[in-house]
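So the sequence shown is residues 40 to 307, counted in the working numbering.
By construction, the Cβ of each residue, glycine as well, lies at the ideal position given by its N, Cα and C atoms.
Below: one structure, written as structure tokens.
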Amino acid sequence: MILDASYTLLVACIALLIGMFVVKFTPFLQKNHIPEAVVGGFIVAIVLLIIDKTSGYSFTFDASLQSLLMLTFFSSIGLSSDFSRLIKGGKPLVLLTIAVTILIAIQNTVGMSMAVMMNESPFIGLIAGSITLTGGHGNAGAWGPILADKYGVTGAVELAMACATLGLVLGGLVGGPVARHLLKKVSIPKTTEQERDTIVEAFEQPSVKRKINANNVIETISMLIICIVVGGYISALFKDTFLQLPTFVWCLFVGIIIRNTLTHVFKH
């Protein structure tokens with residue numbers, strides 16, 4: 040059965056709602072910070088697998104909205120990036136950046152080495168390395184076709200999506216417990232009422248209620264669309280040049296520029 044874009048979006052929403060419900064009433068998942076999307080997606084995937092194996096009835100999902108939603112997501116990340124807060128990171132942020140850089144190099148070194156040992160293309164190692172495990176589905180969807188078309192890597196898109204999915208699931212299942220273990224070793228200062236009132240990022244205090252009106256929604260959608268359109272234009276402009284990057288990267292950069300420009304122009 041082929042599900043069109045609207046039904047595909049409905050299933051995705053149901054999967055997310057299921058994940059939110061299960062995590063809310065499962066202390067183990069809460070304590071280990073397992074993402075709702077991972078839980079809901081995993082449950083729906085198991086249900087679909089059971090249906091397929093028992094009745095032979097399979098579902099095919101429309102992926103036409105995938106690119107737009109992916110660009111929207113990365114644009115929102117860019118719009119959430121405040122340089123003034125990054126600067127406050129200081130030494131810990133520098134150490135984190137160095138550590139991430141080293142780990143990315145290790146990912147690619149191990150991946151390419153394993154690929155060569157198995158008489159496969161080194162690009163396979165890159166796909167199973169930082170392209171997907173660090174970049175996620177966005178990077179996978181962007182670089183998969185390029186590696187397939189330009190470098191002749193057979194099945195690059197499918198392999199990239201599989202590796203990104205594996206990394207997402209394992210990252211959610213392993214990252215939560217590890218983060219919980221590390222947080223137990225440090226004392227986290229409690230947020231005062233005054234500090235709580237000054238926090239504007241939803242991901243920092245997701246439980247804090249915020250006012251949302253029509254103007255907020257229109258402004259947010261407008262900025263997201265601007266990021267997508269301008270990012271797409273820049274991506275097409277630098278296509279087949281040494282500055283060629285996936286479209287979502289340019290959308291993210293545009294979001295960062297808009298956020299930090301507006302922050303300084305409208306300081307209130």
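- Nearest in C-alpha terms to I57, of all of I185, L198 and G80, is G80.
- Just so you know, the alpha carbons of S120 and I297 end up roughly 10 angstroms apart.
- Taking 8 angstroms as the upper bound for CB-CB distance, T171 and A179 are in contact here, some 5 angstroms apart.
- In this structure, the straight-line span from the alpha carbon of L284 to that of S94 is close to 44 angstroms.
- When rounded, the separation of the alpha-carbon atoms in V225 and G215 is 16 angstroms.
- In the three-state scheme derived from DSSP, where H, G and I count as helix and E and B as strand, I73 is classed as coil.
- Counting only the Cα atoms, A218 lies some 34 angstroms from L186.
- DSSP, read as helix, strand or coil, puts F100 in strand.
- CA-to-CA, the gap between L165 and A138 works out to about 19 angstroms.
- Burial state of H176 is buried, judged by a 10 Å Cβ sphere holding 16 or more other Cβ atoms.
- Taking C-alpha positions only, C52 is separated from P74 by approximately 15 angstroms.
- If you ignore the 5 residues before and after M109, its C-beta comes within less than 8 angstroms of the C-beta of H176, G177, G180 and F287, all in its own chain and listed in chain order.
- In this structure, the alpha-carbon of I90 lies about 9 angstroms from that of F98.
- Scanning V77, A275 and T47 for the CA closest to the CA of F60 turns up V77.
- Beta-bridge annotation (DSSP): L42 is paired with F100.
- Under the three-state reduction of DSSP output, Y190 falls in the coil class, being neither helix nor strand.
- Ranked by Cα distance from A167, the first of M151, M157, F112 and G194 is M151.
- The alpha helix (DSSP H) runs of length 4 or more contained entirely in the segment 152-204 are, from start to end of the chain, 161-165 and 175-189.
- Relative to the Cα of A102, the nearest Cα in the group T193, V208 and L49 belongs to L49.
- Note on geometry: alpha-carbon atoms of K63 and A54 lie some 14 angstroms from one another.
- Taking C-beta atoms as the reference points, L118 and G294 count as a pair closer than 8 angstroms.
- If you look at Q105, you'll find it in the alpha helix (DSSP H) that goes Q105 to L118.
- Counted as a single uninterrupted DSSP element, the stretch harbouring S226 is not any alpha helix (DSSP H), since DSSP gives it neither H nor E.
- Closest option to K223, judged by alpha-carbon separation, among V192, L104, F162 and N71: N71.
- Measuring C-alpha to C-alpha distances from L68 to each of G271, L212, I264 and I163 identifies L212 as the nearest.
- Take the alpha-carbon of V256 and the one of R249: they are about 13 angstroms apart.
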